[in-house]
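Some notes on the structure that comes next.
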Amino acid sequence: MSAPHQDDIDDAPEMLDADDALEEVEDGEGDIAMDSDDDEPEEITLQNDSIAYFDSHKDSVFAIAQHPTQPSLIATGGSEGEGDDAPGKGYVFDTSPVVGRPVLPASYNADPSSQQQRSTELKPLFTIEGHSDSINTLTFTLPNGEFLVSGGLDGRLRTYQLSVDARNKPSFTFVAESQEVPEVNWLAPCPSPKYPNTIALGASDGSVWVYTIDASDAATPMQIVQSYFLHTAACTAGAWSPDGTFLATVSEDSSLYVWDVWGEAAAKNLVNDNGQTVVSLTGQDQRFGVDGGLYSVAIDPKTLFVAVGGAGGAVKIVGLPRLGSDTQPTSSKQSKSKAKGGEAGSAQGGTILADLQTQSDGIETLSFSTRQPLLAAGSVDGSIAVYDTSRRFAVRRHIKEAHEEFSVVKVEFVAGGLGDGWLLTSCGMDGVVRRWDVHGAASSAETSLVKEWRGHRGDGEGGGVLGFVEGTTGERIVTAGDDGVVLVFEA
1 MSAPHQDDID
11 DAPEMLDADD
21 ALEEVEDGEG
31 DIAMDSDDDE
41 PEEITLQNDS
51 IAYFDSHKDS
61 VFAIAQHPTQ
71 PSLIATGGSE
81 GEGDDAPGKG
91 YVFDTSPVVG
101 RPVLPASYNA
111 DPSSQQQRST
121 ELKPLFTIEG
131 HSDSINTLTF
141 TLPNGEFLVS
151 GGLDGRLRTY
161 QLSVDARNKP
171 SFTFVAESQE
181 VPEVNWLAPC
191 PSPKYPNTIA
201 LGASDGSVWV
211 YTIDASDAAT
221 PMQIVQSYFL
231 HTAACTAGAW
241 SPDGTFLATV
251 SEDSSLYVWD
261 VWGEAAAKNL
271 VNDNGQTVVS
281 LTGQDQRFGV
291 DGGLYSVAID
301 PKTLFVAVGG
311 AGGAVKIVGL
321 PRLGSDTQPT
331 SSKQSKSKAK
341 GGEAGSAQGG
351 TILADLQTQS
361 DGIETLSFST
371 RQPLLAAGSV
381 DGSIAVYDTS
391 RRFAVRRHIK
401 EAHEEFSVVK
411 VEFVAGGLGD
421 GWLLTSCGMD
431 GVVRRWDVHG
441 AASSAETSLV
451 KEWRGHRGDG
461 EGGGVLGFVE
471 GTTGERIVTA
481 GDDGVVLVFE
491 A
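Position 191 of the sequence shown, counted from 1, bears residue number 191 in our numbering, the numbering being contiguous throughout.
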């Protein structure tokens, strides 16, 4: 039914008189901004300092390795997706075609109007396959990098042989596979030229294995040299002594074992009662135990002592036996000692030399300088502590908020070339790589920072840096990103 018709209502719009329309109303307050329920959008600045990138990975890059004699050859590993059933996959690529950026700024260019050099895209030379779960760790064998070894969360250990043709083009051939453990946590190559192409691994079940690789042995190209089963929880980290004599491993059960892999200590009656170790310390020793476990380990350049890092910021320094002396090793029942850091070389094997507590959260990474008496520790609390090993492990520097509130993932002293052993490189879950000069005592991060490189997503949003390699000179840094990207930075 239609609406009733209303003739008495005037629908015409009301009009202003001409005089009213000409009247001006003064604005005493000026323009007034309109109210908005939304805050102003936050300005986001993206910075990429890389000179090259590799982005073939489909998910996080968990592992990275660098060839020992051809440092431009880089291997990376991760998974092919976020799903639980995503297979592991890795790549090898060559960074040598990347041209470095000029030292002078763009304004000094012969052609100021030319565009700034863009980051170079890198392409894979070889694909690492055969893992049903993420590739968790990678290494090239020493001393010449004859083999590339991958370890996965599927427990597989896969080996590839490197060949270089007359045109200096590298190629890789699959050699063999072994699967003795549930998950491979880490790999470490033996540095001794007496035992070439030897690697150690630590597993999620606590076991430790040592393999020697010989591609000419068709029957057993991957030979098990040793296997150890003293850890009662996951083996979280391992490190060889620089001379390849000892292998130190730590575990979530707060134990440290230093293995006499080649029997050199046993020949001098310097092993523990178990016949396998020169140091055997567990959480049952109240002076050594760390609630929450141990997660990092490193041996000093002179093989005098081993440093371990664990939960709550704990760092322990333990003496190693000198094979040229007649000192006896120490087990966890014998570790009471008054030894001092500066006298570590004369201490018994297994003696606790120092108990350091500078940082407030877990120690994920440790590094000794090869040219200075320095030990660096990176913590989950975002800080880096540097200790003077020649002064009873006194704190030389504590760089608080080195990576702001984000975990420090790796620290490593530049081995040669730059800095004479004083330069320290670090990466963290903030997505930033930083280099520090720790020469001289200081507590301020600003006085230590030499340079930083950005390009990963960072800020804890799946974009941290999970590792890096920098060769012996530190002139180029290649990163493994949680954002699935590998970046090449120039120092």
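Ideal placement from N, C-alpha and C gives every residue a C-beta, glycine not left out.
Being a predicted model, the structure only gives us computed values, none of them experimental.
Which one of C190, V306, S119, E183 has the shortest CA to CA distance from N144?
C190
DSSP puts F495 in a beta bridge; with which residues?
The chain is shown only over 1 to 491; residue 495 falls outside these bounds and no answer can be derived.
Determine, using beta-carbon pairs with one atom in the region 145–161 and one in the region 172–181, whether at least three such pairs fall under 8 Å.
yes
Would you tell me roughly how many angstroms separate the C-alpha atoms of V240 and I299, rounded to the nearest one?
Position check: residue 240 holds Trp in this sequence, whereas Val was assumed. One C-alpha to the other measures close to 7 Å.
Please determine if the region 117–129 and the region 83–98 are in contact, where contact requires at least 3 C-beta pairs separated by less than 8 Å.
yes
My understanding is that G417 touches T370, with C-beta atoms under 8 Å, so please give their C-beta distance in whole angstroms.
Separation of the CB atoms of G417 and T370 is rounded to 12 Å, and the pair is thereby denied contact status at 8 Å.
CA-CA distance, A52 and V485?
11 Å
Using a 10 Å radius around the Cβ and a threshold of 16 neighbouring Cβ atoms, would you call G527 buried or exposed?
The shown model of the chain, from 1 to 491, leaves out residue 527, and the question about it has no answer.
Are the CB atoms of E401 and S383 within a distance shorter than 9 Å?
yes
Return helix, strand or coil for G378, following the three-state DSSP convention.
strand
For V478, I'd like the list of residues in its chain whose CB is within less than 6 Å of its CB, leaving aside the five on either flank, ordered along the chain.
I74, V469, V488
I need the straight-line Cα distance from T220 to T212, nearest angstrom please.
10 Å
To the nearest angstrom, report how far apart S150 and R391 are at their CA atoms.
40 Å
Measuring CA to CA, which of Q284, N272, D273 is closest to S255?
Q284
Just to check my reading of the structure: E405 and T425 have Cβ atoms closer than 8 Å, yes? What is that Cβ distance to the nearest angstrom?
With 8 Å as the limit, E405 and T425 do not qualify as a contact, their Cβ atoms being about 20 Å apart.
Is the distance from the Cβ of G350 to the Cβ of N274 below 9 Å?
no
Our contact map puts G77 next to G90 with C-beta atoms below 8 Å; I'd like the distance itself, whole angstroms only.
3 Å
When DSSP labels each residue in this structure, what does K302 get in the three-state scheme?
coil
Just to confirm, are G238 and G263 a CB contact at a threshold of 9 Å?
no
Tell me which residues share the same chain as D420 and place their Cβ nearer than 8 Å to its Cβ, disregarding the 5 neighbours each side in the sequence.
R371, Q372
So the beta strand (DSSP E) G151 belongs to, where does it begin and stop?
147–152
If you draw a straight line from the C-alpha of L58 to the C-alpha of R457, how long is it?
For the record, residue 58 in the displayed sequence is Lys; it is not Leu. Their Cα atoms are separated by approximately 15 Å.
Note down the Cα distance separating V184 from E146, rounded to an integer number of angstroms.
21 Å
Considering only their Cβ atoms, is the gap separating T137 from A200 smaller than 9 Å?
no
Please work out which residues of its chain come closer than 8 Å, Cβ to Cβ, to P124, disregarding the five sequence neighbours upstream and downstream, and give them in chain order.
F54, S56, Y91, V92, F93
For the beta strand (DSSP E) containing H456, list its first residue and its last residue.
Careful: H456 lies outside any beta strand (DSSP E) and carries neither H nor E.
Between T198 and F246, how many whole angstroms is the CB-CB distance? I'm expecting something under 8 Å.
The Cβ separation is near 13 Å, so there is no contact.
V290 and G319 look like a contact to me (Cβ under 8 Å); what is the Cβ gap, rounded to whole Å?
Rounded, the Cβ-Cβ distance is 18 Å, inconsistent with contact.
If I measure Cβ to Cβ from A65 and keep anything under 6 Å in the same chain, skipping five residues before and after, which residues do I get?
A75, L138, T139, F140
Quick one: using the 10 Å Cβ neighbour count with 16 as the cut-off for buried, is V386 buried or exposed?
By the neighbour-count rule (16 or more Cβ atoms within 10 Å), V386 is buried.
Which of the three DSSP states is assigned to G206 in this structure?
coil
Give the DSSP-derived three-state secondary structure of K268 in the structure shown.
helix
By the DSSP assignment, the beta strand (DSSP E) with T173 in it spans what residues?
170–179
Considering Cα atoms alone, identify which of S216, L294, F229, Y195 is closest to V181.
F229
Classify R434 as buried or exposed, calling it buried when 16 or more other Cβ atoms lie within 10 Å of its own Cβ.
buried
Relative to the C-alpha of I399, which candidate in T389, D381, D85, A415 has its C-alpha closest?
Distance from the Cα of I399 is smallest, within the candidate group T389, D381, D85, A415, for D381.
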